[in-house]
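Note that our numbering gives residue 171 to position 186 of the sequence shown, counting from 1, and the numbers run on in steps of one.
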Amino acid sequence: MAKPLSILRKRGLLNRSGPVESAISSLSLSSIVDVAHEIDQAVNSERKPVTNPLFSHSSSLGLSGNRYECSYIECRIKRITQLARFALMYTDKVFISNPLSWYKEIDTKDDLPLEKEHLLDDLKVLSEILPLLEKGYISLFSPYTNVCPSCQAKKFLGEKAGKQFSRKFADLKKQFLDHMTVECEVSYGEYDFICNGPVPYFDHSRVSVQDITPSAIACRPRILKRIQDGNRVKLSRTLVRDLELHVDLAHNVASNAIHGLATSYYLNTTFLTESDLHVSFLNSLHQAPSIRKKNVIAGKHLSSIVPFVEDVAIPDIIKIREREQEAFLLYRHALNAAIETFRTAGDSFTKQDAQALHGDVIGPQLALLDRKVKQAKRDLIRKPFRSLAGLVGVISFGLLTGLVSPDISALAQALGIVKFGSDMIKDTMALSDKEEAIQNDHFYFLWKVRQKAK
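What follows is the structure, given as structure tokens:
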């Protein structure tokens, strides 16, 4: 990703410290559009075919830190850094949607102030993963914009899936309407609609803002007066339906899921998503019953709590990944072997089968390393233990075209692995030549990363 970053730096919009706010604020409408086109061309010119789809992924908009999934900058940065650690710990490459592609569509100066704010936030998100973009662990992908989700479903999943899209989308809208609560208040002269609900429909509250009085509220004078008097008012299901807030939320899920499907098709990758709704929506569109059955099984087992070593700095993980490439491949190969066994499972594959696979394949590998480390520790001077905070994060992985997704983290749930060796190493040790006892072990790479825990 050298060219896109070079363009941003040459234009003075980005440096090592992050986005340059003064340069962004001075941009004209035509300059923003020109930058978007130039970066799009650079992204497309650098794209190379994926040779190993097993460990290459296309990220959902949410995990990519895209503002169309969530506009809160803190949430966006949290998600992109989670994705960065996942990329370093498990993958060859992760593709994320180029956030600057959308600026090609700006066509009025009225939008310019707001678009500058968006651009500043987008560059803040990208600056969090600059080292990974520079080294190729994460790459940008410029998607097609303004493409009909129903047409894409038909193209990638078949004629029947395209015809089913409207019905399944209607089902999704009803699910949101049945599970969401909405409160309304006036803030700075605008109407804020605070939407909330249980997982998987909401991971946090969402706020929809409208600058004029919606007709559905204007025709309800008593409710309108309470809101305009400064009260936060809980809205009825009927009023929520009339406001069509559930439609926007359902459209976001459907378009994001189809976007992931299309991206995976073009890049020959596996769709990576944090949302169970993406998985269930795509599964509902598959036309072959056997495919649907496989995906239901996988959807039940392949949503996992994955070991994100959040207390290890990203630059430290990059250094270990570069220095211990052979150990990384050995570590991943051990998991890959188990994945291949899992992928051959038939439609009757159960949770008990997954637990047996854990006991037969993964468990002994972890136990072997544990014994070796304990043996090495006996010769060391004891040091204070360090706690490992924030070890895990949650990611769900999409299942496309009837194949069980081969993602490692997904496998962890299926195999019953909740914490990858969380009790294995809790203190930082200087093993010196004692490391030779474990350097050829399948999980030596993971152990090295754990040493950097703060």
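Think of the CB as a built atom: it goes at the ideal place given N, C-alpha and C, for glycine as much as any other residue.
Rounded straight-line distance, which links the Cα of residue j to that of residue i
i	j	result
Leu115	Arg32	17 Å
Arg(-4)	Leu117	21 Å
His244	Asp214	42 Å
Phe150	Glu259	22 Å
Asp92	Asn425	58 Å
Ser56	Arg317	35 Å
His236	Glu311	44 Å
Thr223	Phe187	20 Å
Leu(-2)	Ile58	18 Å
Tyr251	His42	12 Å
Val184	Asp261	9 Å
Leu105	Asn253	31 Å
Pro98	Ile9	10 Å
Ser265	Ser13	43 Å
Val225	His103	28 Å
Arg207	Ser172	19 Å
Ile123	His263	22 Å
Glu307	Ala27	26 Å
Asn37	Ile(-8)	29 Å
Tyr429	Thr166	48 Å
Gly182	Cys60	18 Å
Glu309	Asp301	12 Å
Ala397	Val297	Only weak support is given to the placement of Ala397: the predicted model assigns it a pLDDT of 39, under 50, and the value that follows is read from those uncertain coordinates. Their Cα atoms are separated by approximately 21 Å.
Leu209	Lys101	33 Å
Closest Cα partner of residue i within the set the options
i	options	result
Val79	Pro4, Gln149 and Leu46	Leu46
Glu170	Val218, Thr198, Val192 and Leu125	Val218
Arg191	Tyr53, Arg(-6) and His42	Tyr53
Ile299	Lys145, Asp95, Ile81 and Lys437	Lys437
Phe178	Ala201, Leu(-7), Gly147 and Phe430	Ala201
Ile65	Ser127, Ser49 and Ile123	Ser49
Leu228	Lys158, His263 and Glu295	Lys158
Val238	Ser(-9), Asp301 and Leu267	Leu267
Ile212	Ser193, Tyr176 and Lys140	Tyr176
Glu168	Ala203, Phe126 and Ser221	Ser221
Phe40	Met74, Arg61 and Asn51	Met74
Leu108	Arg(-6), Leu257, Ala242 and Val297	Arg(-6)
Ser44	Ala242, Phe256, Phe430 and Tyr429	Phe256
Asn51	Pro34, Ile81 and Ser249	Ile81
Exposure label - residue i; buried when at least 16 CB within 10 Å
i	result
Ser372	Here Ser372 scores only 32 on pLDDT, less than 50, and its place in the model is too uncertain to base an answer on.
Leu314	exposed
Gly174	exposed
Ala247	buried
Ser11	exposed
His189	exposed
Glu119	exposed
Ile197	exposed
Lys450	Within the shown structure, residues of the chain are numbered from -14 to 439, placing residue 450 beyond reach of any answer.
Ile24	buried
Pro(-11)	buried
Thr76	buried
Val110	buried
Asp156	exposed
Ala242	buried
Ser30	exposed
Gly147	buried
Ser407	Model confidence at Ser407 stands at a pLDDT of 36, short of 50, so the residue's coordinates are unreliable; what they give is reported in the following sentence. Under this definition Ser407 is an exposed residue.
Glu144	exposed
Ser7	exposed
Assumed close pair residue i, residue j - CB separation to whole angstroms, cut-off 8 Å
i	j	result
Lys89	His22	6 Å
Ser269	Lys153	5 Å
Val434	Ile303	Not confirmed; about 11 Å, so no contact.
Cys204	Ser193	So it is not a contact: roughly 19 Å between Cβ atoms.
Cβ of residue i within 8 Å of any chain D Cβ
i	result
Ala239	The chain inventory of the structure shown lacks chain D, comprising one protein chain alone.
Residue i beta carbon near the ligand FAD (any heavy atom closer than 7 Å)
i	result
Phe313	Inclusion of the ligand FAD in the displayed structure is not the case, the ligand content being empty and no account of it being possible.
Decide if the region 151 to 168 is in contact with the region 231 to 247; the criterion is three or more beta carbon pairs, one per stretch, under 8 Å apart.
A contact exists between the region 151 to 168 and the region 231 to 247.
Pair every Cβ in the region 2 to 13 with every Cβ in the region 62 to 79, then say whether three or more of these pairs are closer than 8 Å.
Contact fails: fewer than three Cβ-Cβ distances are below 8 Å.
Segment contact, 8 Å Cβ cut-off, at least three pairs: the region 79 to 94 with the region 15 to 23
In the pairwise beta carbon analysis, the region 79 to 94 is classified as touching the region 15 to 23: at least three pairs are separated by under 8 Å.
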